[in-house]
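Chemist: Before we start, here is the structure in question, set down as structure tokens.
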Amino acid sequence: MTVSTKKDHKLAKIFLSGTAAMQDLPLYSNLKKSAKEVLEVSGMPTLKNEEYKYTAISKRISDQLTRFGTPSSIDNLQKEIQGQQELFQLDQGYTLVCNNGIVDAHLSKIDPQLFQLQTLNELSKEKATQIGAIEKNEFDPFTALNSLCFRDGIRIDIPDGKIIEKPLLLVNFVRPDENGACIHPRVFIQVGKNAQLTLIEQTIYLGDDPVFVNSVSEWKVGQNAHVRSYKLQDGHKKNLEVSNTRSEVQQDASFTSIVLSLEGGMIRNNLSLDLNASNCEGNMYGLYLLNGKTHVDNHTNVDHKKPHSESNELYKGILADQSRGVFNGKIFVRQDAQKTNAFQQNNNILLSEDATVNTKPQLEIWADDVKCSHGCTTGQLDEEALFYLRARGIGKDAAKALLLHAFAGEVLDQLKEEGFKEYCEKVVHARLGGHY
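Heads up, the sequence shown is in our numbering, so the first residue is 793 and it goes up one at a time.
Rendered as structure tokens:
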């Protein structure tokens, strides 16, 4: 239940009034009407909301961040792409380029024989009704806000039996303009029976002006389909980001998520896996390297509904300065989900007395024949290991970096695409060597 105050209702009203001048989207009139009703009742979350008690993101949303930004020009994006060649050349795969959340078909590279790509405004009425059916408005106020505010988005369909051997890179270039700095990307991906896809996502922030990105991603993973979803969050100190991602996983299918959070003013990631059938698998891995006053909040949810399913979850954090990390992981095992294996772990290293972690792993089990465990640790670097390395001639900073790399490596090793793994290891190495 959402506990609201005058302040969060005031913010909701600002967003509600701002949408009045937006273009009419008749395909999504019911979805937007539902979103409006949710926001009118709940308002935006504050610290009095249990799910947001450590993350006061509504307080950070200034008047400027309630106004909608518009796409950049193609010429500007072409120039920006040239400056990101290392990212765009990863594994020589496929690319989707977005201008402030709106896909740019001219700059994207997709094989139409492998992908069925449509904007949300191009969908048939039947396909349009599926938008918002997985990640529903009532699940989170920011989902409702996205449903209310999005002007377009992306739908990707992978046909049955298609094995996409190269990764799909989705890059969203974000630049606030004179109209505002509030962006609402929307993505729906359906992976057909016996199909396979790896998606790599990154938002590129152009400049360091304040900007608020509120995204929603919905996944429909068919029988015996296999998905790997990688997200790299490396923004700047003035960006706010909320990400709601939910996946429905069918029989014999698997969904693996890896989220690397390296920089940002305040980031909230809501990740949910609905394991709806037997013999399906869900994996969640996360790494957050925080310094300054960066705040990252990871909320995860795994729902085991049928027998013989498995989930594995590991989130690790390294925090310095006055940064703050939040982890809240929930695992549900329903009564019908016998023979479930579910494991969850959150480990943190604090490099400063001013750094803070709030962690809350949770299990709710209604079945009796299961193997489930959860746990969390928070501490400092192992002094004995540090002494061991220094006793063998390794300097203090180098020894410290080695231990931190080893700690982070357990998550990085889950990256299976070598090009992207090398890219992330390079970024992480620069962070650990330059700021810790």
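Beta carbons are placed, not taken as given, at the ideal position from N, Cα and C, and that holds for glycine.
Please work out which residues of its chain come closer than 8 angstroms, Cβ to Cβ, to G999, disregarding the five sequence neighbours upstream and downstream, and give them in chain order.
Modeler: As a working mapping, residue 999 is identified with position 207 in the sequence shown. Excluding positions up to five away in sequence, the list reads R967 and P968.
Chemist: Could you check the C-alpha separation between L1142 and L1173 for me, to the nearest Å?
Modeler: Counting from one through the sequence shown, the residue named residue 1142 turns up at place 350. Counting from one through the sequence shown, the residue named residue 1173 turns up at place 381. Computed Cα separation, rounded: 8 angstroms.
Chemist: With 16 other CB atoms within 10 Å as the buried threshold, where does S1046 fall?
Modeler: Within the sequence shown, numbered from 1, the residue matching residue 1046 stands at position 254. It counts as buried.
Chemist: Decide if G1056 is buried, meaning its Cβ has at least 16 other Cβ atoms within 10 Å, or exposed.
Modeler: Translated into positions along the sequence shown, residue 1056 becomes position 264. With 16 or more Cβ atoms within 10 Å of its Cβ, G1056 is classed as buried.
Chemist: Measuring only the C-alpha atoms, how far is I926 from H1096?
Modeler: Taking the sequence shown and counting its residues from 1, the one referred to as residue 926 is at position 134. Taking the sequence shown and counting its residues from 1, the one referred to as residue 1096 is at position 304. Their backbone Cα atoms lie some 16 angstroms apart in a straight line.
Chemist: Check I853 in the structure and name its three-state DSSP category.
Modeler: Translated into the one-based positions of the sequence shown, residue 853 becomes position 61. Correct three-state label for I853: coil.
Chemist: Could you give the residue range of the alpha helix (DSSP H) that holds Q877?
Modeler: For this step, residue 877 is matched to residue 85 along the sequence shown. Where Q877 is concerned, the enclosing alpha helix (DSSP H) stretches over Q877 to F880.
Chemist: On a CA-only basis, which of N929, N938, K1029 and I946 is nearest K919? Give me that one, please.
Modeler: For the purposes of this step, residue 919 is identified with residue 127 of the sequence shown, where counting begins at 1. Among N929, N938, K1029 and I946, the Cα nearest to that of K919 belongs to I946.
Chemist: Under three-state DSSP, which class holds N822?
Modeler: If you number the sequence shown from 1, residue 822 lands on position 30. DSSP places N822 in helix when its eight states are reduced to three.
Chemist: From L1079 to G1109, what distance separates their C-alpha atoms?
Modeler: The residue given as residue 1079 occupies position 287 in the sequence shown. The residue given as residue 1109 occupies position 317 in the sequence shown. Rounded to the nearest angstrom, the two C-alpha atoms are 6 angstroms apart.
Chemist: Could you tell me if K917 is buried or exposed, where buried requires 16 or more neighbouring beta carbons within 10 angstroms of its beta carbon?
Modeler: Within the sequence shown, numbered from 1, the residue matching residue 917 stands at position 125. With fewer than 16 Cβ atoms within 10 Å of its Cβ, K917 is classed as exposed.
Chemist: Taking DSSP's pairing of strands, which residues face C1216 in a bridge?
Modeler: In the sequence shown, the residue the question calls residue 1216 occupies position 424. DSSP, once it has assigned bridges, lists no residue as partnering C1216.
Chemist: With DSSP as the reference, please indicate the residues paired to V1051 in a beta bridge.
Modeler: Within the sequence shown, the letter at position 259 stands for residue 1051. DSSP lists K1023 and G1078 as partners of V1051.
Chemist: So L899 packs on Q870, CB below 8 angstroms; how close in whole Å?
Modeler: Locating residue 899 in the sequence shown gives position 107, where the first residue counts as 1. Locating residue 870 in the sequence shown gives position 78, where the first residue counts as 1. Correct: roughly 7 angstroms between the Cβ atoms.
Chemist: Would the beta-carbon of S1070 fall within 8 angstroms of that of K1098?
Modeler: Translated into the one-based positions of the sequence shown, residue 1070 becomes position 278. Translated into the one-based positions of the sequence shown, residue 1098 becomes position 306. Contact: yes.
Chemist: Tell me, to the nearest whole angstrom, how far the beta carbon of L823 is from that of L808; I am working on the premise that it is less than 8 angstroms.
Modeler: Walking along the sequence shown from the start, residue 823 turns up at place 31. Walking along the sequence shown from the start, residue 808 turns up at place 16. Not quite, the Cβ-Cβ distance comes to about 15 angstroms (not below 8 angstroms), so this is no contact.
Chemist: What number of angstroms, rounded off, separates the C-alpha of S854 from the C-alpha of T887?
Modeler: Taking the first residue of the sequence shown as position 1, residue 854 is located at position 62. Taking the first residue of the sequence shown as position 1, residue 887 is located at position 95. C-alpha separation (whole angstroms): 33 angstroms.
Chemist: Look at the Cβ atom of E1010, then the Cβ atom of L962, and state whether they are nearer than 8 angstroms.
Modeler: As a working note, residue 1010 is residue 218 in the sequence shown. As a working note, residue 962 is residue 170 in the sequence shown. Not in contact: E1010 and L962 (Cβ atoms no closer than 8 angstroms).
Chemist: Measuring straight from C-alpha to C-alpha, what distance separates E1033 and C974?
Modeler: Numbered from 1 along the sequence shown, position 241 holds the residue referred to as residue 1033. Numbered from 1 along the sequence shown, position 182 holds the residue referred to as residue 974. When rounded, the distance between both Cα atoms is 10 angstroms.
Chemist: Return the CA-CA distance between N1093 and K1192, expressed in angstroms with no decimal places.
Modeler: The residue given as residue 1093 occupies position 301 in the sequence shown. The residue given as residue 1192 occupies position 400 in the sequence shown. Spanning the two alpha carbons is a distance of roughly 33 angstroms.
Chemist: Counting Cβ pairs, one atom from each stretch, are 3 or more of them under 8 angstroms apart for the region 1157-1170 and the region 1113-1130?
Modeler: With a cut-off of 8 angstroms, the region 1113-1130 and the region 1157-1170 count as touching, because enough Cβ pairs lie within range.
Chemist: Going by C-alpha distance, which of D949, T1170 and T838 is nearest G984?
Modeler: As a working note, residue 984 is residue 192 in the sequence shown. Per the Cα distances, D949.
Chemist: Can you give me the start and stop residues for the beta strand (DSSP E) that P933 sits inside?
Modeler: In the sequence shown, counting from the first residue as 1, residue 933 sits at position 141. Run containing P933: none in the beta strand (DSSP E); it sits in the alpha helix (DSSP H), P933 to C941.
Chemist: Threshold first: 4 residues or longer. Then list the alpha helix (DSSP H) segments lying entirely within the region 886-972, N to C.
Modeler: Here the runs fully enclosed are 917-920 and 933-941.
Chemist: In three-state terms, what does DSSP make of E1209?
Modeler: Working through the sequence shown from its first residue, we reach residue 1209 at position 417. Coil at E1209, not helix or strand.
Chemist: How would you call T1132, buried or exposed, if buried means at least 16 neighbouring beta carbons within 10 angstroms?
Modeler: In the sequence shown, residue 1132 corresponds to position 340, counting from 1. Buried, by the Cβ-count rule.
Chemist: According to the neighbour-count rule (16 or more other Cβ atoms, all chains shown, within 10 Å of its Cβ), is A848 buried or exposed?
Modeler: Taking the first residue of the sequence shown as position 1, residue 848 is located at position 56. Flag for A848 reads exposed.
Chemist: Decide yes or no for the touch test of the region 1010-1027 against the region 904-917: beta carbon pairs closer than 8 angstroms, at least 3 of them.
Modeler: Because the criterion of three Cβ pairs below 8 angstroms is not met, the region 1010-1027 and the region 904-917 do not touch.
Chemist: Within the same chain, show all residues whose beta-carbon is closer than 7 angstroms to that of N1083, passing over the 5 residues directly before and after it, in chain order.
Modeler: In the sequence shown, counting from the first residue as 1, residue 1083 sits at position 291. Around N1083: A1112, D1113, S1115 and H1227.
Chemist: Relative to the C-alpha of K958, which residue among E1210, H1221, Y1215 and V1219 is closest?
Modeler: Within the sequence shown, residue 958 is the residue found at index 166, counting from 1. It is E1210.
Chemist: Skipping 5 residues on each side, what residues in its chain have a beta carbon closer than 6 angstroms to that of T1151?
Modeler: One-based indexing of the sequence shown puts residue 1151 at position 359. The residues are F1119, N1138 and C1168.
Chemist: Just the Cα atoms here: how many angstroms apart are R1184 and L879?
Modeler: Taking the sequence shown and counting its residues from 1, the one referred to as residue 1184 is at position 392. Taking the sequence shown and counting its residues from 1, the one referred to as residue 879 is at position 87. So the alpha carbons of these two residues sit roughly 37 angstroms apart.
Chemist: Any idea if K825 is buried or exposed, counting beta-carbon neighbours within 10 angstroms, 16 or more meaning buried?
Modeler: Residue 825 sits at position 33 when you count from the first residue of the sequence shown. So K825 counts as exposed.
Chemist: Helix, strand or coil: which one does DSSP assign to A1045?
Modeler: Against the sequence shown, residue 1045 aligns to sequence position 253. Reduced to three states, the DSSP call for A1045 is coil.
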